[in-house]
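In what follows, a single structure is set out as structure tokens and then discussed.
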Amino acid sequence: MKYQIVIAGFGGQGVVFLVKVLAICAGNNNIAFLGTENHGMSQRGGAVSCDIKIGDFKNPVIDKNQADMIIALDKNESLRNIQYLKKDAMMVVNADESYPEIPFQLSRVDVNKKALNGEIPIQGLNVYMLGVALKNEKRFPFSINEVKEAIKKINPKLSEQNFKILDKAIKES
Amino acid sequence: MKQTLMGNEAIAWGIVHSNIQMVSGYPGTPSSEILKTVQKIKDDLNLDLYAQWATNEKVGFEVAYAGAISGQRSCATMKQVGLNVASDALMSASYIGNKGAMVLISADDPGFHSSQTEQDSRVFAKFARIPVLDPSTPQDAYDFVKLAADISELFETIVMLRPVMRVSHAREIIQMDDNTDFKKTENRFERDVKRWAAVPRTGRLAQGYEQLQRIEKIASYNWEKFLKPEFKNLQGGKLLILTSGTADGFVRETLDDLGLSADIVKVIMPYPLPTKEIKNSIKNYDKVLVMEETYPCIEEQIASHKIYGKNTNTVHKIDEVTKERVLKALQNIGFYKDKNIYEAPKIDFGFEVPARPPALCPGCPHRDIYYSIMKVFKKKKSIYPSDIGCYTLGLAQGAIDSILCMGASVSMASGFSIANPDKTVVASIGDGTFFHSGIPPLLNAIYQNHKFILVILDNSTIAMTGRQATPERFHQAIDIKKIVEGMGIECLEHQYSYQMDQNIEFFKKVKKKYEQNKTPTVVVVRQFCILDNPRAKEFVPNIFAKVDEEKCVACDQCTTVYKCPPMHYNENGKIEIDPFLCAGCAGCLEVICPTDAFEIDKRDAK
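Those protein sequence lines, which keep their order, are chains A and B. Just so you know, we're using my numbering here: the first sequence kicks off at 1 and counts up by one. Just so you know, we're using my numbering here: the second sequence kicks off at 1001 and counts up by one.
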């Protein structure tokens, strides 16, 4: 299997957490992977993107026209990274109705609105979007249980809350 | 044992599994997680090893080096610009050599992701005449630490490990030793004045000859151990590609993607190279392409009419390697003639995606202090030299005129004040950078009666690299105010306030002092880092802001001079505050809006 994912957002949204989850999924299944982070100088509020390449790869960077999926936690960060998607690939994005038409498969949810309505805590945005990806991308490389196991490994204390958010996303999207 | 690790974590395990006894360094992206992880392993496994941050890279290097000449295995960690600071010690130590291993880790940052230069540490190793290993992946990085320690002991020389950001900050499954058999060694310093205290001319000249012999021996070792086995199986042909570091993975993947095959030799040790043996081995090839980051280090050592790379304009000369750049190099050398598969069609969204440049975090006190400084010391009448750290991002507010290197704010404030006597020079530096290299230039400025203002932004942490402790954090007797007073001048002190007018009032007092002073006017502002939990909680008022759209006149004041990431224009053309980004610092509620449009958002505190 070869599958390349870009995760994009801005500092504070938990982009790196998602990379860790996917890295642990791969590790637990003994599937080779390489991943990398692009975060430059700023910590909170600056653009962040991470690449994770699952399968037999030799370098951790995803080039343009190569990714199978982008999970974007923000509308603008999704569009900023869109050149990495290859033909027929999947964009999973947290954005409102103003999101433009794009020539890719699209799975859009307005999670900010859900957070404002108190349906989920905003800190759960990253896990929610992972749930949306799990549900809608048929070629997603890991199962729900594998993802849960990884989430639990990173932070056992918060795992119950994260599972609830993940399940909610899978149910709703 | 297999573990999923980041490159820097893999390096840390490599250090522990090499039985290295002393680790000393200074934080700097992308190297910082190495020492932090060694500390964690030390605590988790209760190991008797020394792993501590030093005040700067030179200090860190020298602490480790003394361990190495005492026969202990040691390691210094830093980023590539940190190596510049440690270079004085390195250049000399490379003549003298060591008894215990000394692994020098200098993490490079091709692509300028978070560094002011893109210098190639491998070329620095060549300049210092020490061997350097260039890992391609986190697994290499783990393996090469052990290799570096062994080579260092074998040849009694410092050995550099040069991971780039795409190794340090990459993740993969690492195959590592099953057990951690860490043993404290009892090696001690043995007096050998002729060696450890060699002086010019006779002593050092002799060591210079030894150094040349040593490097030749290591070049032969490089051939026998690393290169000969690789060349042995190759037959020759149209193209040979020599790779080093991350470039290796990019080359191999690009060839796969393009359905091409070529002979590849990965150079593990880019310096010193056995040049004669390499030249003999490439006889049967028409062309040799060298793919390396970032300078032509290998290319220049083996230069001939057959060698193609950066100096022949075949390969890009600056910025990170990408597969697209490999493809172009293959096109330039005539090995690939088809289309660029890494080109993505440009999509028109009907609008420009707004830039999200690096900015100070929401709730960061630096923003308010810079705002206050600019309010009191008007831009037209001032020059603002600054320094390396989070506060560099005050650039976005227009609060900074110059950035050079660690500690330069202070010495450049001296120079600016001499060259521009009609301007008020207001320099800013963080506490970490002040301790690192801000003290000698301040001493100089006091001694020479230079007239400027130095604002020391004291958040008691090295924030930008992941909040490592500064010296005063756990050793409170070390106090910036006392240090300044010890140099014979007053140090004005201010506790940062979220009420902007209090900060402005303070700087008005500073201005008066400055007008009377004939020496530097030094200020320490006691702050905190908003991400520094649990300390930040003591300071953040949890008062959130929103905008009264009636009052907002879209004057841009908040988005240009204050510049807090949650503030942006909405579809009505009014400023809106992103409730998820607002840190509840209350800094914007007073002074900064000319029409007073910011008001308290009465919601449950987070």
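Virtual Cβ for every residue (Gly too), placed ideally from N, Cα, C.
Short Cβ contact (7 Å threshold) for residue i with residue j
i                  : j                  : result
Gly-9 (chain A)    : Asp-74 (chain A)   : yes
Val-1159 (chain B) : Gly-1007 (chain B) : no
Glu-146 (chain A)  : His-1169 (chain B) : no
Tyr-1498 (chain B) : Cys-1585 (chain B) : yes
Leu-106 (chain A)  : Met-91 (chain A)   : yes
Ser-159 (chain A)  : Ile-151 (chain A)  : yes
Thr-1055 (chain B) : Val-1081 (chain B) : no
Met-1176 (chain B) : Met-1412 (chain B) : no
Val-1376 (chain B) : Phe-1507 (chain B) : yes
Thr-1521 (chain B) : Lys-1513 (chain B) : yes
Gly-179 (chain A)  : Met-1 (chain A)    : Shown here, chain A extends from 1 to 173; a query on residue 179 (chain A) therefore has no answer.
Val-1455 (chain B) : Phe-1182 (chain B) : no
Ile-1504 (chain B) : Ala-1545 (chain B) : no
Lys-1079 (chain B) : Gly-1028 (chain B) : yes
Gly-11 (chain A)   : Gly-40 (chain A)   : no
Gly-1438 (chain B) : Ile-1446 (chain B) : no
Ile-1307 (chain B) : Pro-1272 (chain B) : no
Asn-126 (chain A)  : Phe-33 (chain A)   : no
Asn-65 (chain A)   : Tyr-1342 (chain B) : yes
Val-1293 (chain B) : Val-1321 (chain B) : Going by the sequence as given, residue 1293 (chain B) is Glu instead of Val. Yes, the pair counts as a contact, with Cβ atoms nearer than the cut-off.
Lys-1099 (chain B) : Ile-1069 (chain B) : yes
Pro-1138 (chain B) : Ala-1012 (chain B) : no
Proximity test, Cβ basis, 7 Å: residue i and chain B
i                 : result
Ala-47 (chain A)  : yes
Lys-164 (chain A) : no
Ile-122 (chain A) : yes
Leu-79 (chain A)  : yes
Arg-108 (chain A) : no
Asn-59 (chain A)  : yes
Lys-148 (chain A) : no
Asn-65 (chain A)  : yes
Pro-100 (chain A) : yes
Gln-83 (chain A)  : yes
Inter-residue spacing [alpha-carbon to alpha-carbon] between residue i and residue j
i                  : j                  : result
Ala-1359 (chain B) : Lys-1328 (chain B) : 34 Å
Ile-1575 (chain B) : Lys-138 (chain A)  : 40 Å
Ala-1051 (chain B) : Met-1022 (chain B) : 6 Å
Lys-1606 (chain B) : Ala-1247 (chain B) : Confidence in Lys-1606 (chain B) is poor, its pLDDT being 44 and thus under 50, which makes the residue's placement unreliable; the coordinate value appears in the next sentence. C-alpha separation (whole angstroms): 46 Å.
Lys-1287 (chain B) : Trp-1053 (chain B) : 47 Å
Tyr-1295 (chain B) : Val-1063 (chain B) : 30 Å
Val-1553 (chain B) : Thr-1595 (chain B) : 8 Å
Leu-1581 (chain B) : Val-1525 (chain B) : 25 Å
Glu-1253 (chain B) : Asn-1313 (chain B) : 22 Å
Pro-141 (chain A)  : Lys-164 (chain A)  : 21 Å
His-1494 (chain B) : Leu-130 (chain A)  : 45 Å
Ile-1388 (chain B) : Ser-1031 (chain B) : 16 Å
Phe-1250 (chain B) : Thr-1185 (chain B) : 41 Å
Phe-1144 (chain B) : Ser-1281 (chain B) : 25 Å
Asn-1332 (chain B) : Asn-1311 (chain B) : 13 Å
Ile-1173 (chain B) : Pro-1565 (chain B) : 36 Å
beta-carbon residue i near the ligand FMN non-hydrogen atom, thresh 6 Å
i                  : result
Val-1484 (chain B) : Annotation note on the ligand FMN: not contained in the displayed structure, which lists no ligands.
7 Å Cβ cutoff, residue i in contact with chain A
i                  : result
Glu-1253 (chain B) : yes
Ser-1386 (chain B) : no
Ile-1173 (chain B) : yes
Ala-1066 (chain B) : no
Ile-1015 (chain B) : no
Gly-1111 (chain B) : no
Phe-1226 (chain B) : no
Pro-1541 (chain B) : no
Lys-1563 (chain B) : no
Thr-1275 (chain B) : no
Glu-1299 (chain B) : no
Lys-1518 (chain B) : no
Ala-1010 (chain B) : no
Tell me which residues of the region 1350-1382 of chain B have at least one Cβ-Cβ distance to chain A shorter than 7 Å, keeping chain order.
The region 1350-1382 of chain B vs chain A, Cβ under 7 Å: Gly-1350, Val-1353, Pro-1354, Arg-1356, Pro-1358, Ala-1359, Cys-1361, Pro-1362.
For the region 1410-1431 of chain B, which residues have a beta carbon sitting closer than 8 Å to at least one beta carbon of chain A?
Listed in sequence order: no entries.
Going along the chain, which residues of the region 132-146 of chain A sit with their C-beta nearer than 9 Å to a C-beta in chain B?
Correct list: empty, as no residue qualifies.
Report yes or no: do the region 37-52 of chain A and the region 1467-1485 of chain B share at least 3 C-beta pairs separated by less than 8 Å?
In short, these stretches do not touch, since the Cβ pair count stays below three.
Could you please tell me which residues of the region 24-42 of chain A, in chain order, have their CB closer than 9 Å to any CB of chain B?
Here the close residues are Ile-24, Ala-26, Gly-27, Asn-28, Asn-30, Ile-31, Ala-32, Phe-33, Leu-34, Gly-35, Thr-36, Glu-37, Asn-38, His-39, Gly-40, Met-41, Ser-42.
Should the region 80-87 of chain A be called in touch with the region 1341-1356 of chain B, which here means at least 3 C-beta pairs below 8 Å?
Under the 8 Å Cβ criterion, the region 80-87 of chain A counts as touching the region 1341-1356 of chain B, having at least three qualifying pairs.
In chain order, what residues of the region 1146-1180 of chain B put their CB closer than 7 Å to some CB of chain A?
Answer in chain order: Arg-1166, His-1169, Ala-1170, Arg-1171, Glu-1172, Ile-1173.
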